[in-house]
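Working notes for the structure below.
There are 2 protein chains.
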Amino acid sequence: MNKKSFQDYYPDELSHCYGCGRLNEEGLRLKSYWDGEETVAVFVPRPYHIAIPGYVYGGLIASIIDCHGTGTASAAVYRAEGRKMGTEPPLRFVTASLRVDYVRPTPMGVPLEVRGKIKEVKGRKVVVSATVSAGGEVCAKGEVVAVKMPEQMMPKSKAT
Amino acid sequence: MNKKSFQDYYPDELSHCYGCGRLNEEGLRLKSYWDGEETVAVFVPRPYHIAIPGYVYGGLIASIIDCHGTGTASAAVYRAEGRKMGTEPPLRFVTASLRVDYVRPTPMGVPLEVRGKIKEVKGRKVVVSATVSAGGEVCAKGEVVAVKMPEQMMPKSKAT
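So, in structure tokens, the structure goes:
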């Protein structure tokens with residue numbers, strides 16, 4: 341895809357996240373996009389992202405739900421406020437709670453599709469439900485409660 | 341510590357987990373131990389395991405709760421059955437559901453202590469509650485519902 345992902349709009353100092361920061365060279369670099377009213381990200385697990393051989397590690401699944409959830413929260417609030425993605429002040433969300441139900445073992449060797457739905461946008465809080473599918477079958481369902489990043493978490497280089 | 345961790349008792353073919361497999365060279369290699377009636381693991385995040393700079397990535401916290409939960413489940417059932425860790429047939433658990441509440445931002449640069457408590461052992465299911473602390477302060481609380489690994493997940497080299 342040529343279009344920019346939600347995470348590509350995060351300012352540099354907030355783009356180091358292991359799960360989705362474009363500036364984290366060791367990280368997963370998840371990228372999330374709008375798909376109508378839903379959001380979508382595709383991630384291909386690396387060969388070492390296994391749990392039991394043949395199946396994807398549950399912590400990785402939790403990680404991509406987490407970052408897709410906070411990315412979706414950011415995009416949802418930009419949209420709700422009628423603002424273009426990336427305009428100042430940045431809308432960056434962190435996770436208050438994460439829940440994942442592993443519906444069936446997730447097979448290795450196929451791209452995973454993460455889909456998000458916005459359940460609630462209220463004040464500083466956004467609730468996003470998510471599914472992770474492999475080959476069209478839902479393997480995990482999750483929910484992320486995302487909250488706007490507290491000011492005190494802002495890296496000092498930006499805050500000054 | 342010289343003593344063996346729960347995960348060190350997993351048979352080789354079940355020791356490739358990204359979060360805790362001793363044979364996964366790219367992985368986190370979490371190691372969990374008894375501490376009285378509780379269980380404990382210590383993990384030092386790597387420099388790239390960040391979310392917002394200065395703070396630990398939430399997906400990593402979910403991952404160490406996940407593997408500490410399934411390891412605790414294994415140890416709990418060995419203990420409940422009066423069996424020595426590592427005796428056949430292996431007791432290996434996978435995650436049915438995972439919940440993490442991020443109580444406060446988790447600082448980088450200090451070891452994280454994961455503590456588990458066994459809430460329930462019933463049939464194939466074990467429920468473990470967990471906390472993740474940094475410098476003595478609880479930063480995250482979690483719960484893992486672990487279930488005994490289904491037979492069909494057993495790697496074929498073992499199942500034949």
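Protein chains in written order, with the numbering used here: chain A, 341 to 500; chain B, 341 to 500. Just so you know, even glycine gets a beta-carbon here, dropped at the ideal spot from N, CA and C.
**Under the three-state DSSP convention, the category residue 357 (chain A) falls into** = coil
**Prompt:** If you draw a straight line from the C-alpha of residue 369 (chain B) to the C-alpha of residue 423 (chain A), how long is it?
**Reply:** 43 Å
**Prompt:** Between residue 376 (chain A) and residue 413 (chain A), what straight-line distance do the alpha-carbon atoms span, to the nearest angstrom?
**Reply:** 15 Å
**Prompt:** Does residue 349 (chain B) come within less than 9 Å of chain A when only Cβ atoms are used?
**Reply:** no
**Asked** Can you give the Cα-Cα distance for residue 343 (chain B) and residue 384 (chain B), rounded to whole angstroms?
**Response** 19 Å
**Item:** Where residue 435 (chain B) falls: helix, strand or coil (DSSP)
**Value:** strand
**Message:** Residues in the same chain with beta-carbon distance under 7 Å from residue 406 (chain A), minus the five sequence neighbours each way, listed in chain order, please.
**Reply:** 359, 435, 438 and 484
**Item:** Pair within 9 Å by beta-carbon distance, residue 364 (chain A) and residue 395 (chain B)
**Value:** no
**Item:** Cβ-based neighbour list, residue 459 (chain B), same chain, cut-off 7 Å, excluding 5 preceding and 5 following
**Value:** 467, 468 and 469
**Request:** For residue 362 (chain B), go through chain A and note every residue whose CB falls closer than 8 Å to its CB, in chain order.
**Result:** Ordered by position in chain A, no residue passes the 8 Å Cβ test against residue 362 (chain B), which lies about 13 Å from the chain.
**Request:** In angstroms with no decimal places, state the Cα-to-Cα distance between residue 486 (chain B) and residue 495 (chain A).
**Result:** 37 Å
**Message:** Give me the residue from A:421, A:479, A:472 and A:428 with the minimum Cα distance to residue 461 (chain A).
**Reply:** A:421
**Message:** When you compare the CB of residue 407 (chain A) with every CB in chain B, is at least one pair closer than 9 Å?
**Reply:** yes
**Message:** Measuring only the C-alpha atoms, how far is residue 399 (chain B) from residue 446 (chain B)?
**Reply:** 12 Å
**Request:** Go ahead and pull the three-state DSSP assignment for residue 391 (chain A).
**Result:** coil
**Asked** In chain order, what residues of the same chain lie with their CB nearer than 6 Å to the CB of residue 453 (chain B), ignoring the 5 residues before and after it?
**Response** 382 and 473
**Message:** DSSP has residue 405 (chain B) in a bridge; who is on the other side?
**Reply:** The partner list for residue 405 (chain B) (beta bridge, DSSP) is empty, contrary to what the question assumes.
**Prompt:** When the distance is taken between beta carbons, is residue 440 (chain B) closer than 9 Å to residue 402 (chain A)?
**Reply:** yes
**Where the beta strand (DSSP E) through residue 427 (chain A) begins and ends** = Looking at the DSSP string, residue 427 (chain A) is not in any beta strand (DSSP E), and its letter there is neither H nor E.
**Asked** Any beta-carbon of chain B closer than 9 Å to the one on residue 500 (chain A)?
**Response** Because the pLDDT at residue 500 (chain A) is just 41, under 50, the model does not fix this residue reliably, and the value given afterwards should be weighed accordingly. It does not; no Cβ of chain B falls within 9 Å.
**Message:** Taking the beta carbon of residue 362 (chain A) as the centre, do at least 16 other beta carbons fall within 10 Å, making it buried, or is it exposed?
**Reply:** buried
**Item:** Minimum Cβ-Cβ distance from residue 470 (chain A) to chain B less than 9 Å
**Value:** no
**Message:** Measuring straight from C-alpha to C-alpha, what distance separates residue 432 (chain B) and residue 352 (chain A)?
**Reply:** 42 Å
**Request:** Please state whether DSSP places residue 414 (chain A) in a helix, a strand or coil.
**Result:** helix
**Message:** residue 345 (chain A) and residue 411 (chain A) - do their beta-carbons sit closer together than 9 Å?
**Reply:** yes
**Request:** Taking only beta carbons into account, state which residues of the region 420-442 of chain B come closer than 9 Å to chain A, listed in chain order.
**Result:** 432, 434, 435, 436, 437, 438, 439, 440, 441 and 442
**Strand pairing of residue 348 (chain A), partner residues [DSSP]** = Bridge partners of residue 348 (chain A): none, in fact.
**Item:** Reduced DSSP category for residue 455 (chain A) - H, G, I as helix; E, B as strand; rest coil
**Value:** strand
**Prompt:** Count the other CB atoms within 10 Å of the CB of residue 379 (chain A); is the residue buried (16 or more) or exposed (fewer)?
**Reply:** buried
**Item:** Residue span of the beta strand (DSSP E) that contains residue 397 (chain B), given as start and end
**Value:** No beta strand (DSSP E) contains residue 397 (chain B), which DSSP labels as neither H nor E.
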